[in-house]
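Have a look at the structure below before the remarks.
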Amino acid sequence: MPTHKTTQEPPIDLPMGFNARLLDCAPVPGCATCQAEWRSLQAAEGAGGFGQAAKHAMKSRDHSGSHR
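The numbering used here applies: residue 640 is where the sequence shown begins, and numbers increase by one.
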């Protein structure tokens with residue numbers, strides 16, 4: 640029985656500032672939903688979960704648009 644070898648590409652490093660742009664958002668003061676997403680973003684980023692942090696940033700940006 641042949642054995643298949645799989646390889647995984649090494650992660651790529653994004654240009655300086657690109658990660659910051661993806662996570663750029665600010666919670667609307669006084670909004671519980673915005674504050675919760677912000678706390679989740681910070682926790683995910685602190686745990687090294689960049690993908691999850693980016694999802695919380697997107698949710699925060701999408702939600703804060705409803706405040707305008």
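In this text, a Cβ means the ideal position worked out from N, Cα and C, and glycines have one as well.
Query, Result
"Close Cβ partners of R700 (< 7 Å) along its chain, the five nearest in sequence each way excluded", "C664"
"Euclidean distance between Cα positions of A686 and P668", "25 Å"
"Distance between L680 and T672 (C-alpha atoms, nearest Å)", "12 Å"
"DSSP-derived helix/strand/coil call for T673", "One detail in the question is off: residue 673 reads as Cys in this sequence, not Thr. C673 falls in the helix class under three-state DSSP."
"Unbroken alpha helix (DSSP H) run spanning L661, endpoints", "657-661"
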